[in-house]
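Visitor: The structure that follows is given in the form of structure tokens.
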Amino acid sequence: MSGLGKTLIYALLLGLLCFMAVGRKRGFSLSVLLKMAWDGGKTSFPVLRVLILIGCLTALWRASGTITFFVYYGIKLITPHLFVLIAFILTAVLSFGIGTSFGVAGTAGVVLMILARSGGVNEIITAGAVMSGSYFGERCSPASSSALLAVSLSGADGVKNLKVMLKTSLLPTVLTAAVYGVLSWKNPILSVDSSILTQMSEEFSLTWAVLLPAAGLLCLALAGVRVFYAVAASGVIAFLTAVVIQKQQVWDVAVWAVTGYRSGSEELAAILSGGGMTSMAGVLVIVIISSAYSGIFKSTGMLDGIQEKAAALAGKMGRFAAQIVTGICSGGLFCNQTIGIIMAEQMLGSLYEDPQEQAADVCNSIVMIAGLIPWSIAATGPLAMLEVGTEAIPYSILLYMVPLTYLMTKKVWYR
């Protein structure tokens with residue numbers, strides 16, 4: 000678990016204790032408050048089992064060469080005047096596959112930043128493009144924990160939400176790509192250090208067959224298979240790919256699924272190692288604590304006054320605009336997406352008749368906005384991996400293009 004994750008967990012635990020203290024002052028016994036927290040935490044259990052599988056999947060995709068394939072051939076597509084654009088497209092494709100901005104920033108993002116620095120490209124602009132691409136899958140990947148939580152809390156259908164997310168992605172993605180196209184032309188890469196590609200091709204067999212885990216996940220998700228089973232199937236395919244094609248030992252792959260993939264190359268270890276069930280420990284704890292907050296808020300009525308104000312705001316501005324405001328406030332206060340998504344359900348969930356609309360509103364607002372808040376772990380985590388500061392946030396164009404375009408076009412999707 001990273002230092003940022005531990006700090007956030009400690010802060011959330013402290014906040015939970017504070018809210019329980021408020022509950023005690025309101026006359027609730029400690030045992031009753033603990034039961035409220037437990038009841039709230041229990042609601043996250045269906046999500047937790049999928050998150051555990053996603054952790055395994057990220058390690059297995061590393062071991063099978065799937066992630067390396069995307070990075071390797073994405074880099075080979077680079078031409079001098081298209082570097083920033085390729086950085087965005089490559090990370091977006093990879094993000095759609097693995098569903099985590101941290102995972103993308105820590106793999107393809109690190110490689111792209113190395114190339115940018117050695118090739119004379121503005122590293123702040125490159126980091127912004129990587130952030131944009133990394134967040135593409137946070138809202139629409141079948142393996143995204145954020146999208147999964149939004150769907151679960153709203154009661155929406157995951158497959159329908161995936162299709163809506165892809166449709167509403169088109170306009171902001173095209174506009175974002177156009178901006179990065181211009182920035183690419185103004186910031187050409189002078190040279191590409193191909194040594195890292197050589198190392199990748201030496202460690203992995205990069206045939207088209209290593210795409211099977213990604214293809215399996217996408218096809219099963221679009222076919223309506225539940226996310227849990229789609230992720231599990233992709234994991235099995237990745238396991239077999241690692242053993243059969245990459246010639247990895249069965250026991251090693253099984254261990255990596257739990258503890259994270261470990262590259263045999265010193266040069267690639269910092270980029271490709273990671274994932275595994277244990278990598279999700281921090282996320283699991285954050286989801287449980289955040290759900291415990293929800294249980295206390297709901298049962299004590301602690302937020303009734305704020306809920307009324309949120310409802311009034313939605314009446315004046317519209318539900319999605321209210322989601323944006325809620326996302327900014329919750330993201331700024333609690334510094335993460337998870338509790339922001341849960342707070343959105345708490346504050347505005349009762350205003351929706353259509354759960355699909357609710358899930359879409361959350362995915363197009365809070366999930367993206369969290370990455371724009373400079374002190375949120377959703378921003379500081381990926382930026383730390385890229386070794387840049389918050390000055391890259393203004394260049395993370397997709398993160399604000401999504402809510403802006405959806406705000407202007409929502410009536411096309413929901414009347």
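In this text, residue positions in the sequence shown follow numbering that gives the first Met the number 0: the first is 0, and each later residue adds one. Beta carbons are placed, not taken as given, at the ideal position from N, Cα and C, and that holds for glycine.
Please report how far the alpha carbon of Lys-179 lies from the alpha carbon of Val-129, in whole angstroms.
Guide: Residue identity differs from the one stated: residue 179 is Tyr in this sequence, not Lys. Computed Cα separation, rounded: 11 Å.
Visitor: From the DSSP output, which residues share a beta bridge with Tyr-260?
Guide: Tyr-260 pairs with Gly-273.
Visitor: Which residue's Cα is closest to the Cα of Ile-123: Ser-183, Ala-237 and Tyr-260?
Guide: Nearest option by C-alpha distance: Ser-183.
Visitor: Can you tell me whether Gln-357 is buried or exposed? The criterion is at least 16 other CB atoms within 10 Å of its CB, across all chains shown.
Guide: With 16 or more other Cβ atoms within 10 Å, it is buried.
Visitor: Quick one: using the 10 Å Cβ neighbour count with 16 as the cut-off for buried, is Glu-137 buried or exposed?
Guide: Classification for Glu-137: buried.
Visitor: Within the same chain, show all residues whose beta-carbon is closer than 8 Å to that of Val-110, passing over the 5 residues directly before and after it, in chain order.
Guide: Once the five neighbours on either side are set aside, the close Cβ partners of Val-110 are Val-70, Ile-74, Ile-195 and Ile-270.
Visitor: Please classify Val-120 as buried or exposed, where buried requires at least 16 neighbouring CB atoms within 10 angstroms.
Guide: Flag for Val-120 reads buried.
Visitor: Would you mind sorting Pro-393 into buried or exposed? The rule is 16 or more other CB atoms within 10 Å of its CB.
Guide: Exposed, because fewer than 16 other Cβ atoms sit within 10 Å of the Cβ of Pro-393.
Visitor: The alpha helix (DSSP H) that contains Glu-352, what's its start and end?
Guide: Unbroken run through Glu-352: none, as it is neither H nor E.
Visitor: Distance check for Ala-146 and Gly-331, CA to CA, integer angstroms please.
Guide: For Gly-331 and Ala-146, the distance between alpha carbons rounds to 20 Å.
Visitor: Taking the Cβ atom as the reference point for each residue, do Thr-67 and Glu-201 lie within a distance shorter than 9 Å?
Guide: No, the Cβ-Cβ distance between Thr-67 and Glu-201 is not below 9 Å.
Visitor: Are Val-257 and Gly-275 closer than 9 Å when you measure CB to CB?
Guide: The answer is yes: Cβ separation under 9 Å.
Visitor: Identify whether Asn-363 lies in helix, strand or coil by the three-state DSSP scheme.
Guide: Three-state DSSP puts Asn-363 in coil, outside helix and strand.
Visitor: Exposed or buried, Met-407, counting other C-beta atoms within 10 Å across all chains shown (16 or more means buried)?
Guide: Classification for Met-407: exposed.
Visitor: Measure the C-alpha to C-alpha separation of Ser-144 and Gly-98 and round it to an integer number of angstroms.
Guide: Each residue's alpha carbon lies about 7 Å from the other.
Visitor: Between the Cα of Ser-262 and those of Met-19, Ser-63, Ser-28 and Phe-135, spot the shortest distance and give me the residue it belongs to.
Guide: Among Met-19, Ser-63, Ser-28 and Phe-135, the Cα nearest to that of Ser-262 belongs to Ser-63.
Visitor: Considering only residues of the region 166-233, which uninterrupted beta strand (DSSP E) runs meet the minimum length of 3 residues and lie entirely inside it, listed in chain order?
Guide: Here no run is fully enclosed.
Visitor: Check whether the Cβ of Ala-358 sits closer than 8 Å to any heavy atom of the ligand GDP, and report yes or no.
Guide: Of the ligands one can find in the structure shown there are none, so the ligand GDP has no counterpart to examine.
Visitor: Could you give the first and the last residue of the continuous alpha helix (DSSP H) run that contains Cys-328?
Guide: That run of the alpha helix (DSSP H) goes 318-333.
Visitor: Going by C-alpha to C-alpha distance, which of Ser-264, Ala-214 and Leu-219 sits closest to Leu-93?
Guide: Leu-93 has its Cα closest to that of Ala-214, out of Ser-264, Ala-214 and Leu-219.
Visitor: By the 10 Å Cβ neighbour count, where 16 or more other Cβ atoms means buried, how is Val-249 classified, buried or exposed?
Guide: Counting Cβ neighbours within 10 Å, Val-249 comes out exposed, since fewer than 16 surround it.
Visitor: Inspect the beta-carbon positions of Thr-404 and Leu-174 and report whether they are closer than 9 Å.
Guide: The answer is yes: Cβ separation under 9 Å.
Visitor: Got a sec, what are the start and stop residues for the alpha helix (DSSP H) Val-103 sits in?
Guide: Run containing Val-103: 100-103, per the alpha helix (DSSP H) assignment.
Visitor: Comparing C-alpha positions only, which one of Leu-59, Thr-125, Ser-168 and Leu-148 sits nearest to Trp-255?
Guide: Closest by alpha carbon: Leu-59.
Visitor: Apart from the five residues on each side of it in sequence, which residues of its chain come closer than 6 Å, Cβ to Cβ, to Ser-100?
Guide: Hits under 6 Å: Ser-133, Tyr-134, Glu-137 and Pro-381.
Visitor: Quick check: the region 281-298 against the region 224-240, are at least 3 beta-carbon pairs closer than 8 Å?
Guide: Short answer: they don't touch.
Visitor: So Ala-369 and Gly-339 are supposed to be a Cβ contact under 8 Å. How far apart are they, rounded?
Guide: Contact holds; Cβ gap of about 6 Å.
Visitor: By Cβ distance below 7 Å, which residues in the same chain neighbour Gln-322 in space, the five residues on each side in sequence not counted?
Guide: Ala-343, Leu-347, Asp-360, Val-361, Ser-364 and Ile-365, listed in sequence order.
Visitor: Can you tell me the Cα-Cα spacing of Lys-246 and Phe-82, whole angstroms?
Guide: So the alpha carbons of these two residues sit roughly 33 Å apart.
Visitor: Use the C-beta contact count for Pro-45: other C-beta atoms within 10 angstroms, 16 or more gives buried, fewer gives exposed.
Guide: Pro-45 comes out exposed.
Visitor: Quick one, are the C-beta atoms of Asp-192 and Gly-118 less than 9 Å apart?
Guide: Yes. Within cutoff.
Visitor: How many Å lie between Ala-310 and Thr-337 at the Cα?
Guide: For Ala-310 and Thr-337, the distance between alpha carbons rounds to 21 Å.
Visitor: Taking the alpha-carbon of Leu-217 as reference, which of Ala-142, Ile-376, Gly-304 and Cys-334 has the nearest alpha-carbon?
Guide: Nearest option by C-alpha distance: Ala-142.
Visitor: Could you check if Val-243 is buried or exposed, using at least 16 other CB atoms within 10 Å of its CB as the buried criterion?
Guide: Val-243 should be labelled exposed.
Visitor: DSSP state of Met-301, grouped into three classes?
Guide: In this structure, Met-301 counts as coil in the three-state DSSP scheme.
Visitor: Can you give me the C-alpha to C-alpha distance between Glu-352 and Leu-170, rounded to a whole angstrom?
Guide: One C-alpha to the other measures close to 26 Å.
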